[in-house]
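Residue numbers (UniProt numbering): 1 to 331.
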């Protein structure tokens, strides 16, 4: 048998060796990148965004710049920070304070406390509101004591320095409340001139003017308005009696020097109001307790016409005087 022929191997050159080593390094780096990407995905699912941020940052140092065919692992994970409840980032990048969750006008009818405008923070009145709770709210007036009752606070000393302040506040308030109270604290020695102007403003703006000479008195007014929010007005209304003698006494005692005893005497003597009105002065004077002067006053009131007589005008009186003067002069 013939001997086997020996195979010939080509000796690689230096360039071929460099190319093969470069390919080997690329393959190794690709394998490492895939492994790091897989670890990054697992860590994101397991530990959340904070762990994924650290893993992806490490992988960016492993991936060479020349490997364009490898999945892009150089993406930096930016963890978004949510602002706190008291801060919000504006469009300009500046932090702005948010408005606290105060009760709005829709909730005012259901609350048992006085709603205070935040601009009244630091007012000494708030220290004297002790009998009822109060809280700050997003409202237009200074104080809201009910669903249809509000108040604007004004210091006379401040009004003297800024007279247009109350006009702007009343204009912004409008007629959103049925009862609008202007609570004025009198802290000047001579307040009469300013109070006269405020009275005219309240008449034109349909407001109720309440004067308080101390902060404690002003706080007591606010408490009272809140306490009597849902109570009927019977306590301050005039009580009318349906009794006949009571009505008769109220009518006849309007005459000067006629009292309730005289009314009882008249009704017992004449038996009816019709007979009293038809009686003469002499008949009225014969009643016990009646003299001629009292009888004359009552008679004049009962027989005085309802329509007042027209008095002579000034021009007519002057003409008559001039006529008398001329006639006496000619004589």
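Idealized CB from N, CA, C, for every residue including glycine.
Beta-bridge partners assigned by DSSP to residue 235: none are found. For residue 212, the pairing in a beta bridge is given by DSSP as 185.
Taking every protein chain shown into account, the CB of residue 251 has fewer than 16 other CB atoms within 10 angstroms, so this residue is exposed. The beta-carbon separation of residue 132 and residue 258, rounded to 48 Å, does not stay under the 8 Å limit for a contact. In the three-state DSSP reduction, residue 24 falls in the helix class (H, G or I).
Taking 7 Å as the cut-off, the Cβ atoms of residue 140 and residue 113 do not count as close. In the DSSP annotation of this structure, the continuous segment of the beta strand (DSSP E) that includes residue 151 starts and ends at 149-155. If you look at residue 258, you'll find it isn't in any alpha helix (DSSP H); DSSP assigns it neither H nor E. Check the Cα spacing between residue 153 and each of 270, 127, 291, 218: the tightest is with 218. Assignment of residue 166 by DSSP, reduced to helix, strand and coil, places it in the helix class. If you check the CB distance, residue 229 and residue 146 come in under 7 Å. The distance from the Cβ of residue 188 to that of residue 156 is about 5 Å, consistent with a contact at the 8 Å cut-off. Segment contact: the segment 178-197 against the segment 210-225, three or more CB-CB distances shorter than 8 Å; contact assigned.
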